[in-house]
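For what it's worth, our numbering labels the leading residue of the sequence shown as 3, then goes sequentially. All remarks here apply to the structure that follows.
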Amino acid sequence: MMNSKMKFRPLLTAVSLAVAMGAAQADERESLETLKQTTLNLIDALVQSGALTREKADALIAEAHRNATQTSTAQTAGAPEKKDATPDGRPVQRVPYISEAARAQIRNEIKEEVVSQARLEKWGVPNAPSWTDRIRIDGDFRFRYQAERADKGNTDAQTYVNAEVSNNGRITRAPDFSTSVLNSSSVPIAANSTTDDRGRERIRMRLGVTAKVSDEVGVGVRLATGNATERVSTNQTLGQNFNKYQLFVDRAFVKADPTEWLSIRAGRIPNPWFSTDMIWSENLNFEGVSSTASWMSEDRTWGPFATVGWFPIKESTVGLRGRKTLAGLQVGSLFQASDRSKFKLGLAYYRYHNIEGASDPGLADDGAGNIVAVNPNLVGMYEYPSGLRQKGNTVFETAPYDSTGRTLPYWGLAYEFAPLALTASAEFTHFSPYSLMVSAEYVYNTAFDVGSFRQRAGSAFASVDPGGKRDGYQLRLTFGAADVSEYGDWQVSTTYRHLGSDAVLDAFNDSDMGLGGTNLKGYILGFNFGLSHNTALAARYLSSKTIDPTLNSLATSSFGVNVLQVDLNVRF
Numbered sequence: 003m004m005n006s007k008m009k010f011r012p013l014l015t016a017v018s019l020a021v022a023m024g025a026a027q028a029d030e031r032e033s034l035e036t037l038k039q040t041t042l043n044l045i046d047a048l049v050q051s052g053a054l055t056r057e058k059a060d061a062l063i064a065e066a067h068r069n070a071t072q073t074s075t076a077q078t079a080g081a082p083e084k085k086d087a088t089p090d091g092r093p094v095q096r097v098p099y100i101s102e103a104a105r106a107q108i109r110n111e112i113k114e115e116v117v118s119q120a121r122l123e124k125w126g127v128p129n130a131p132s133w134t135d136r137i138r139i140d141g142d143f144r145f146r147y148q149a150e151r152a153d154k155g156n157t158d159a160q161t162y163v164n165a166e167v168s169n170n171g172r173i174t175r176a177p178d179f180s181t182s183v184l185n186s187s188s189v190p191i192a193a194n195s196t197t198d199d200r201g202r203e204r205i206r207m208r209l210g211v212t213a214k215v216s217d218e219v220g221v222g223v224r225l226a227t228g229n230a231t232e233r234v235s236t237n238q239t240l241g242q243n244f245n246k247y248q249l250f251v252d253r254a255f256v257k258a259d260p261t262e263w264l265s266i267r268a269g270r271i272p273n274p275w276f277s278t279d280m281i282w283s284e285n286l287n288f289e290g291v292s293s294t295a296s297w298m299s300e301d302r303t304w305g306p307f308a309t310v311g312w313f314p315i316k317e318s319t320v321g322l323r324g325r326k327t328l329a330g331l332q333v334g335s336l337f338q339a340s341d342r343s344k345f346k347l348g349l350a351y352y353r354y355h356n357i358e359g360a361s362d363p364g365l366a367d368d369g370a371g372n373i374v375a376v377n378p379n380l381v382g383m384y385e386y387p388s389g390l391r392q393k394g395n396t397v398f399e400t401a402p403y404d405s406t407g408r409t410l411p412y413w414g415l416a417y418e419f420a421p422l423a424l425t426a427s428a429e430f431t432h433f434s435p436y437s438l439m440v441s442a443e444y445v446y447n448t449a450f451d452v453g454s455f456r457q458r459a460g461s462a463f464a465s466v467d468p469g470g471k472r473d474g475y476q477l478r479l480t481f482g483a484a485d486v487s488e489y490g491d492w493q494v495s496t497t498y499r500h501l502g503s504d505a506v507l508d509a510f511n512d513s514d515m516g517l518g519g520t521n522l523k524g525y526i527l528g529f530n531f532g533l534s535h536n537t538a539l540a541a542r543y544l545s546s547k548t549i550d551p552t553l554n555s556l557a558t559s560s561f562g563v564n565v566l567q568v569d570l571n572v573r574f
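Printed below as a string of structure tokens:
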């Protein structure tokens, strides 16, 4: 019997609560009776499924009645004597008032505890295989409609192409706007558009499996839609002639927890940093190794943490430069000022190595105005490639446009990147059952240096100031349910972002606002509503415009876009 009571403690608690509160005021009897009957019905369902015998069920109910009686007796004995009486002389019984919000919280807590324990112990599944205790499968599916409306003041793409052909586009913050093809007269024309509107349907599917190998070691694998060159998006655009879509390995890692306070991950791992999508896209997974140490004070009011990570970006294939890598360190702490106020603060330093551009050592002018490869093995070694970049970072021509028709230039990053980021969040539950969540982030690129650029870029840029901004900030407010997981749950949010061109590397941050990258300012309005269990409908409106000119030779060049996203999200 003792084992049964331990296993079904949530049920015992629920019945005891319902019985002990049975003498409450008349206007609360209906809600309390509903709680009591729901719990008893759950016990009956467990008996019918074979997870609980009738004898044990009766014993649990009897024990709950005894606990309730003892609680009621103890409260009566310890209560001060009341002198109030009715007109006919009978004593007045006083019952503490329990608000509707408190009753709802009690019901939800009991429900969550019972369901969690039922899943963990597999009630109603006798003789379940042992591997089911070690394997967990989860995932999500999203169907999205996305409408993109270009700003009427956008610089057209042909202007970027013309600037490149005339060697006036040697510094830009949107290198792929100058993508061109040759027409029948061998004249470059724009191969894309910066002024057209666009509407498209997209899907995202992710399927993850985690396995517990031992108490200290686990493995995680996740597959996702998308393509091989988009790190910050797992979207698949529909309308590909009904062709099938690919699944990619989105995550593959091993996790080791040698102690309660230390966790180590290696492989293709989830984002280990406390951050916002201004710096790291929510879809980005890191390749490398990270370790997080965290503690909690004895009174549970604060808990410091520290994370360190190292991640290779591109292996080295030539001898003049080492491989491109990212290293990071973050320290911070959790704070719980009260039961209804929680705070988190983190300070991070990230350092990219060998990612900045320099004058290309593999190319030279042949004396006749043509660019030739003097060392083909070194051509493009300082490039910031199109498969990595989004847009916004200041880039320069490490090798110029070739008027003879070869598809140059190569673009390199004008600045080094060593961002220092301060991130903070707060959650206030004073408005139960709703929560107010606030997050803020400020980032400052400590390696932003015009002198370093001129030295690396060579004599052609000896007196050139590439411009750009080295810092950025974001503020987000969210109000509503902490997690939209049930019918009727809702959440509204608003975000403002002002992100300078070279505050962070544009390859890895959010791909939605401004259609990705840096050098933008604007806002996001969001609404999320629960349609059913783990099913929600969401809408976001994102409006943004560039901060600095996208083309240094044209001070009025700019790009702005308004985006509407309507999502149907299902989790499982």
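Every residue gets a Cβ at the ideal spot worked out from N, C-alpha and C, and that includes glycine.
- Three or more Cβ pairs closer than 8 angstroms define a contact, and the region 464 to 480 falls short of that threshold against the region 241 to 261.
- Under DSSP, G460 shares a beta bridge with no residue.
- Assignment of W413 by DSSP, reduced to helix, strand and coil, places it in the strand class.
- Looking at the backbone, the Cα of P468 and that of N554 are separated by about 7 angstroms.
- The shortest CA-to-CA distance from S545 to any of L522, S534 and N530 is the one to L522.
- For S265, the CB contacts under 6 angstroms within the same chain, skipping 5 residues up- and downstream, are D259 and T294 in chain order.
- W304 is not a Cβ neighbour of F276, given a cutoff of 8 angstroms.
- When the Cα atoms are used, P314 and L328 turn out to be separated by approximately 6 angstroms.
- Annotated as distal: T212 and G201, with beta-carbon spacing of 8 angstroms or more.
- Proximity of the region 174 to 181 to the region 551 to 569 meets the contact definition, three or more beta-carbon pairs being nearer than 8 angstroms.
- One thing to note: R208 has its Cβ within 8 angstroms of the Cβ of A226.
- By the 16-neighbour rule on beta-carbons within 10 angstroms, T497 is buried.
- Annotation: the region 288 to 317 contains the following complete segments of the beta strand (DSSP E) (minimum length 3 residues), in chain order: 288 to 296 and 304 to 316.
- 8 angstroms or more divides the Cβ of L422 from the Cβ of N395.
- Excluding its 5 nearest sequence neighbours in each direction, R144 has C-beta neighbours in its own chain below 6 angstroms: R206, D569 and N571, listed in chain order.
- Residue burial annotation: S434 is exposed, with fewer than 16 other C-beta atoms found within 10 angstroms of its C-beta.
- Under a 10 Å Cβ-count criterion, N237 is classified as buried, with 16 or more other Cβ atoms of the shown protein chains found around its own Cβ.
- Taking a contact to require three or more Cβ pairs closer than 8 angstroms, the region 341 to 361 and the region 455 to 474 qualify as touching.
- If you draw a straight line from the Cα of P274 to the Cα of V494, it comes to about 26 angstroms.
- The way I'd put it, the region 148 to 158 does touch the region 558 to 566; three or more beta-carbon pairs between them come closer than 8 angstroms.
- If you draw a straight line from the Cα of D512 to the Cα of A61, it comes to about 56 angstroms.
- The beta carbon of G474 is closer than 8 angstroms to those of M280, Y444, V445, R499, H500, L501, G502, A505, V506 and T520 in its chain, skipping five residues each way along the sequence.
- Following the DSSP letters along the chain, one finds Y436 in no alpha helix (DSSP H) but inside the beta strand (DSSP E) bounded by residues Y436 to N447.
- Annotated as proximal: K393 and D508, with beta-carbon spacing under 8 angstroms.
- Distance from the CA of K58 to the CA of D217, rounded to the nearest whole angstrom, comes to 32 angstroms.
- When the Cα atoms are used, A428 and D341 turn out to be separated by approximately 13 angstroms.
- Per the DSSP secondary-structure output, R208 pairs in a beta bridge with D142 and A226.
- Straight through space, the alpha carbons of P272 and R458 are spaced by roughly 34 angstroms.
- Counting every other CB atom within 10 Å of its CB across the protein chains shown gives R267 a total of 16 or more, marking it as buried.
- In this structure, G210 lies away from G228, with their beta-carbon atoms at least 8 angstroms apart.
- Ranking I112, R175, R138 and A64 by CA distance to the CA of F398 puts R175 first.
- With fewer than 16 other Cβ atoms from the protein chains shown falling within 10 Å of its own Cβ, R68 counts as exposed.
- Where Y162 is concerned, there is no enclosing beta strand (DSSP E), although the alpha helix (DSSP H) around it starts and stops at A159 to V167.
- CA-to-CA, the gap between R472 and A420 works out to about 10 angstroms.
- In this structure S335 is in contact with P306, their Cβ atoms being roughly 4 angstroms apart against a cut-off of 8 angstroms.
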